[in-house]
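Below is one structure; the comments refer to it alone.
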Amino acid sequence: MAAATAQPEHLLTTARLAALPAGRTGALDVLLRVFEVQGKLASLVGVESRTFGLTPSEALALIALTRQSLPVSGIARAVGIRPNGASVLVDRLRERRLVRRQRSRRDNRVVTVDLSDEGRELTAALIEKVDAQLGCALSALTPADVTQLVGALAKLAV
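Under this note's numbering, the first residue of the sequence shown is numbered 136, with each subsequent residue one higher.
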């Protein structure tokens, strides 16, 4: 019979989960809360995106592009979809003249995507609506709480 291998300390195994004192926040609690919040935020973005004739993924891609031009792979990461799905998404946005593709100035092999003037205008209106809804959702948090949350999520996103 093979000897049991020790699990790394950071892994939350079923046995470790069962051994946690009631009410202690563990990795599973974090996972469940993150998905709960993600679901609520996706719902919020979904409702607002439909008023602009966009899917939630299209809306998130446009919002991500307000910060910087991105390659299709960067859009895929920002939206949480596969690169081939992001390519199709970019094609749809391009057909609506909301984005444009262009060769990277740094590396001609790389194609980046950025907002067109029409895309910038639509995205500004979308962000205004989403921001109003997020303001309500985040009203229970202090500005310091929001800063701390953004910092913690950035660490998890790495």
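The beta-carbon is built from N, C-alpha and C at its ideal position, and this holds for glycine as well.
So if DSSP puts Pro206 in a beta bridge, which residue, or which two residues, is it bridged to? Counted from its first residue, the sequence shown places residue 206 at position 71. Pro206 is bridged to Thr247.
How would you call Val234, buried or exposed, if buried means at least 16 neighbouring beta carbons within 10 angstroms? Here residue 234 refers to the residue found at position 99 when the sequence shown is read from its first residue. Buried is the call here.
Residue closest to Arg202, alpha-carbon to alpha-carbon, out of Ala211, Thr277, Arg255, Val225: What you label residue 202 is simply residue 67 of the sequence shown in a count that begins at 1. Looking at the Cα atoms, Arg255 is the closest of the given residues.
Which word fits Gly274, buried or exposed, when buried means at least 16 other C-beta atoms lie within 10 angstroms of its C-beta? Locating residue 274 in the sequence shown gives position 139, where the first residue counts as 1. The amino acid at residue 274 is misidentified as Gly; the sequence shows Ser. Exposed, since its Cβ has fewer than 16 Cβ neighbours within 10 Å.
Same chain only: Cβ atoms within 8 angstroms of Met136, ignoring 5 sequence neighbours per side: Numbered from its first residue, the sequence shown carries residue 136 at position 1. Any reading at Met136 needs caution, since the residue's pLDDT is 49, under 50, leaving its predicted position unreliable; the model's value is listed next. Cβ within range, chain order: n/a, list empty.
Output the distance between the C-alpha atoms of Phe187 and Val225, rounded to the nearest integer angstrom. As a position in the sequence shown, residue 187 is number 52, starting the count at 1. As a position in the sequence shown, residue 225 is number 90, starting the count at 1. Rounded to whole angstroms, the separation of the alpha carbons of Val225 and Phe187 is 16 angstroms.
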